[in-house]
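Worksheet: the structure to be examined is printed underneath.
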Ligand SMILES: Nc1nc2c(ncn2[C@@H]2O[C@H](COP(=O)(O)OP(=O)(O)OP(=O)(O)O)[C@@H](O)[C@H]2O)c(=O)[nH]1
Ligand code: SF4
Ligand SMILES: [Mg+2]
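Protein chains in written order, with our numbering: chain R, 65 to 444; chain H, 13 to 610.
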């Protein structure tokens with residue numbers, strides 16, 4: 065495989081930290097609020113690492129996601145990273161990201177992260193409006209966000225990403241733009257903008273079902289999506305994936321790109337997914353089952369799937385059409401024996417007319433409007 | 013042979029034929045209680061789901077009479093819906109008698125009369141049976157009056173029963189053995205066996221259902237199909253119980269099956285006579301009148317690669333559905349396919365579903381049509397059931413459409429509403445009879461094209477379920493016709509075109525647009541739908557695109573889920589037909605004809 069656009073093909077390592085201090089009101093993600101289990105989890109995690117020694121080659125990214133990794137006491141990340149270095153090879157200059165709750169980012173935490181080699185923070189800001197933060201059930205305030213960002217710079221972080229959320233009940237586009245402006249003022253290297261999704265079984269879902277709140281309709285969602293893209297691109301960010309904006313393209317999340325490029329990744333911790341060659345497997349979602357299995361020296365894998373060429377092809381199509389980089393049609397044809405230009409000619413022409421895709425220099429890529437329908441584009 | 017009784021159960025739809033068959037089967041004790049289920053002879057999934065009988069089904073039952081003699085009863089349960097009357101008429105050719113069932117709460121209905129006539133044509137012994145006497149609304153006296161007045165049968169020779177509770181079953185069994193004559197026929201004559209049904213089995217070849225009129229058939233016999241002189245060696249004969257039951261021979265008077273390794277499906281023709289090759293009978297049995305299709309539509313495979321599979325499937329399917337006819341056809345929009353004839357729209361619906369289920373095919377049906385007649389300026393007369401072949405309007409001298417005589421029976425209080433419905437459907441020349449007090453029999457002449465779709469449903473709604481309907485095609489009448497084209501994003505879709513009465517063109521065009529708007533899912537771009545007559549747009553609608561559907565997050569743990577969803581959507585899309593870049597679901601083609609549900 066040729067190495068396109070200078071991107072590395074080293075595998076990525078993902079570590080799932082299944083703890084949160086409290087549950088946000090929209091989130092059905094698997095995490096536990098009791099921190100008693102942390103020591104057992106760290107031990108299990110290190111055991112799990114040993115089981116995958118020598119299988120993946122040299123990692124060039126490590127990503128701590130959750131849950132809330134910063135719930136772990138200071139120095140815990142350091143302990144885990146030591147385990148990582150013991151079990152796996154890392155490249156000289158790995159991207160090491162920690163997802164962080166602003167509330168947890170005091171100087172102690174920031175220094176400990178920085179000192180053990182973490183070089184990228186992804187901060188769950190969500191909003192620069194306290195009313196919205198409390199509506200969402202986030203435990204931090206705008207003031208905490210500000211000090212977290214300032215402190216992070218002070219400690220020396222030069223690669224900071226922030227997560228924001230929009231299309232929230234009662235939110236107007238103007239309010240959202242106010243949040244975006246505040247975010248831009250902080251000049252983060254990376255911004256992720258997610259449309260609010262309310263998971264089943266959460267307090268907000270109940271309010272939604274009772275009719276107490278409602279989500280924006282499709283037209284408004286569309287406006288949010290397109291205007292967000294316009295606003296941030298005007299401010300110099302690159303809209304390189306449906307929800308992701310990078311200060312410069314080389315500041316895109318190196319780790320997340322692996323998911324979209326079918327590059328191998330190893331996921332450790334409860335519910336983490338891994339991908340290698342044509343296999344994908346995932347761990348038990350429940351912390352106790354995860355711990356049980358590792359206690360018995362068993363891989364805590366819930367299920368493994370072997371992907372057929374057709375499935376890989378469909379994934380490559382759907383992932384490629386979510387990114388600005390798009391799909392290199394020649395590579396695609398060589399790899400999957402599908403000549404999209406020939407087989408889908410009418411449809412592609414039609415979508416091009418509609419302004420949903422571009423085809424230039426052998427690259428098929430979604431336009432801004434195309435990204436808004438990226439879940440349907442692969443059905444061409 | 014003296015101990016054999018061959019009979020069918022016939023009735024209007026839902027009067028309880030299959031339920032009565034249940035009781036007779038249980039009385040014979042041939043099915044273990046453990047495996048018994050209601051309407052057990054409705055063995056196809058599609059029959060059970062819809063709660064109606066679609067195919068006649070034969071079963072052999074032992075019975076010891078009160079005279080202590082042992083009898084063999086060959087029972088055939090038949091469907092009640094008009095669209096399957098060909099099944100009934102073929103069953104009757106194997107019988108000496110019928111149980112004519114009448115629902116005591118509904119009384120005599122249109123198909124009661126129609127089926128009685130069929131039985132009379134075959135000179136069968138008719139035993140009227142009044143069913144559902146357990147219902148609080150049952151009115152036995154009134155039903156007896158109707159049997160007398162409307163059917164012309166002796167009401168005092170009728171039996172009463174409840175197929176649900178089992179009341180009256182013994183009396184029915186006794187009447188069967190004493191009133192229905194045993195079959196005539198001679199074992200010593202050359203074999204003459206009438207093929208009345210067949211089914212294809214991948215391992216055994218064609219399973220032939222037949223009634224032996226003369227002679228015997230046994231293993232090893234070399235049999236000959238009289239229509240094409242092909243010969244085969246018999247591998248197995250037997251009777252139908254719930255499954256096939258092997259026997260050493262079938263004799264005159266028997267109803268059963270023959271398996272002779274027939275893999276060439278076209279050798280077996282329903283209505284043909286089987287005889288013995290070395291000692292053939294002098295002439296074939298009369299066989300059956302051909303089924304007369306009244307509704308036509310084309311069938312296309314959704315994926316054009318499946319055309320060959322479709323061709324093979326249709327050949328096998330016709331074995332098991334003698335009323336279905338087809339021939340090659342092709343469409344600009346849909347490619348190679350087959351033009352098919354059906355006995356009605358329910359029949360069409362069933363054929364589509366059976367083809368998909370039994371042969372694992374995904375198919376599209378074009379908009380159904382009746383057969384129109386055009387006299388051209390050059391004197392040629394052409395019959396056209398496919399809008400794709402609508403003649404150039406400049407060449408048409410005269411256009412005609414088929415008319416039916418519709419016979420409806422219902423309580424008098426609905427007369428006004430039914431008359432209104434018939435007029436709306438361009439009905440003409442009505443006559444009104446009062447066969448018994450408060451009941452009317454209304455006869456209307458109407459264009460067949462107006463009734464094929466939803467006439468029966470609407471009649472039933474208007475009469476709150478008390479109305480019934482039967483019809484015969486009578487003749488062709490002059491009519492001002494027009495071709496209604498449908499354009500999807502500017503492309504004419506020939507399979508959506510309809511031939512319509514010019515006065516209806518605008519309404520039909522609007523309706524088609526509306527229906528298509530409901531049926532065609534929104535896509536990533538705008539879809540324009542237009543109706544046109546002679547190049548002039550008479551109706552239009554647009555389906556707005558969706559602009560936003562993307563789910564925000566797609567990281568390591570989301571990819572599998574996302575792919576599975578895409579796989580499901582792709583599968584759904586495989587069941588749609590691409591017209592240009594627009595995906596049109598199967599259901600759209602038939603839905604165009606539907607009127608708005610009131
Ligand atoms: N109360 C009552 N219901 C009955 C009786 N016989 C049949 N039914 C009900 O009537 C309905 C129709 O019965 P079927 O036996 O399917 O009628 P059918 O004549 O075979 O119907 P088709 O084959 O579709 O023409 C079912 O719901 C039966 O349970 C009866 O004696 N009493
Ligand atoms: S949104 Fe994040 S912080 Fe909030 S409960 Fe879910 S995982 Fe925990
Ligand atoms: Mg039935």
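Glycine included, C-beta positions come from ideal geometry on N, C-alpha and C.
{"Check": "Any chain R beta carbon closer than 8 Å to residue 520 of chain H", "Outcome": "no"}
{"Check": "Segment contact flag, the stretch 480-493 of chain H with the stretch 409-416 of chain H, C-beta cutoff 8 Å, min 3 pairs", "Outcome": "yes"}
{"Check": "Interface flag, residue 559 of chain H vs chain R, CB-CB below 8 Å", "Outcome": "yes"}
{"Check": "Proximity of residue 541 of chain H and residue 571 of chain H at Cβ, strictly below 8 Å", "Outcome": "no"}
{"Check": "C-beta contact flag for residue 237 of chain H and residue 279 of chain H at 8 Å", "Outcome": "yes"}
{"Check": "Which of helix, strand or coil DSSP assigns to residue 437 of chain R", "Outcome": "coil"}
{"Check": "Under the three-state DSSP convention, the category residue 270 of chain R falls into", "Outcome": "helix"}
{"Check": "Neighbourhood of residue 109 of chain H by C-beta, 6 Å cutoff - its chain only, sequence neighbours within 5 removed", "Outcome": "19, 136, 137 and 192"}
{"Check": "C-beta atoms of residue 478 of chain H and residue 419 of chain H nearer than 8 Å", "Outcome": "no"}
{"Check": "Residue 29 of chain H CB to nearest heavy atom of ligand 3 below 7 Å", "Outcome": "yes"}
{"Check": "Beta-bridge partners of residue 80 of chain R, as assigned by DSSP", "Outcome": "R:129"}
{"Check": "Beta-carbon separation (whole angstroms), residue 288 of chain R vs residue 231 of chain R, contact threshold 8 Å", "Outcome": "5 Å"}
{"Check": "Residue-chain proximity (residue 562 of chain H, chain R), Cβ-Cβ < 8 Å", "Outcome": "yes"}
{"Check": "Within 8 Å, strictly: CB atoms of residue 159 of chain H and residue 114 of chain H", "Outcome": "yes"}
{"Check": "8 Å Cβ cut-off: residues of chain R touching residue 572 of chain H", "Outcome": "337, 344, 346 and 369"}
{"Check": "Residue burial classification, residue 215 of chain H (beta-carbon count within 10 angstroms, cutoff 16)", "Outcome": "exposed"}
{"Check": "Buried or exposed (CB count within 10 angstroms, at least 16 for buried), residue 439 of chain H", "Outcome": "buried"}
{"Check": "Status (buried if at least 16 other CB within 10 Å, exposed otherwise) for residue 502 of chain H", "Outcome": "exposed"}
{"Check": "Burial state of residue 421 of chain H (16 or more Cβ within 10 Å)", "Outcome": "buried"}
{"Check": "Where residue 82 of chain H falls: helix, strand or coil (DSSP)", "Outcome": "strand"}
{"Check": "Extent of the continuous beta strand (DSSP E) run through residue 513 of chain H", "Outcome": "510-513"}
{"Check": "Residue(s) in a DSSP beta bridge with residue 354 of chain H", "Outcome": "H:307"}
{"Check": "Ordered list of alpha helix (DSSP H) runs contained in the stretch 193-268 of chain R, each at least 4 residues", "Outcome": "194-200, 206-219 and 237-249"}
{"Check": "Separation of residue 161 of chain R from residue 315 of chain R, as counted between CA atoms", "Outcome": "12 Å"}
{"Check": "Within-8 Å CB hit, residue 163 of chain R to chain H", "Outcome": "no"}
{"Check": "Boundaries of the alpha helix (DSSP H) in which residue 432 of chain H is found, first to last residue", "Outcome": "427-436"}
{"Check": "Helix, strand or coil at residue 67 of chain R [DSSP, three-state]", "Outcome": "Unreliable positioning characterises residue 67 of chain R in this predicted model, as indicated by a pLDDT of 39, which lies under 50. A coordinate reading is not provided."}
{"Check": "Run of the beta strand (DSSP E) containing residue 298 of chain R, from where it starts to where it stops", "Outcome": "Element bounds for residue 298 of chain R: not the beta strand (DSSP E) but the alpha helix (DSSP H), 282-298."}
{"Check": "Proximal residues to residue 199 of chain H (C-beta, below 7 Å), its chain only, five neighbours per side dropped", "Outcome": "227, 228, 263 and 264"}
{"Check": "Below-8 Å beta-carbon distance, residue 583 of chain H vs any chain R residue", "Outcome": "no"}
{"Check": "Residue-level contact to chain H via CB, residue 375 of chain R, 8 Å cutoff", "Outcome": "yes"}
{"Check": "Counterpart residues of residue 308 of chain R in DSSP-defined beta bridges", "Outcome": "R:256 and R:305"}
{"Check": "Where the beta strand (DSSP E) through residue 221 of chain H begins and ends", "Outcome": "217-226"}
{"Check": "Option in H:250, H:290, H:434 and H:563 with minimal Cα separation from residue 4 of chain H", "Outcome": "Absent from the model: residue 4 of chain H. The displayed extent of chain H is 13 to 610, so no value can be given."}
{"Check": "Cβ of residue 536 of chain H within 8 Å of any chain R Cβ", "Outcome": "yes"}
{"Check": "N-terminal and C-terminal residue of the alpha helix (DSSP H) that residue 178 of chain R is part of", "Outcome": "171-179"}
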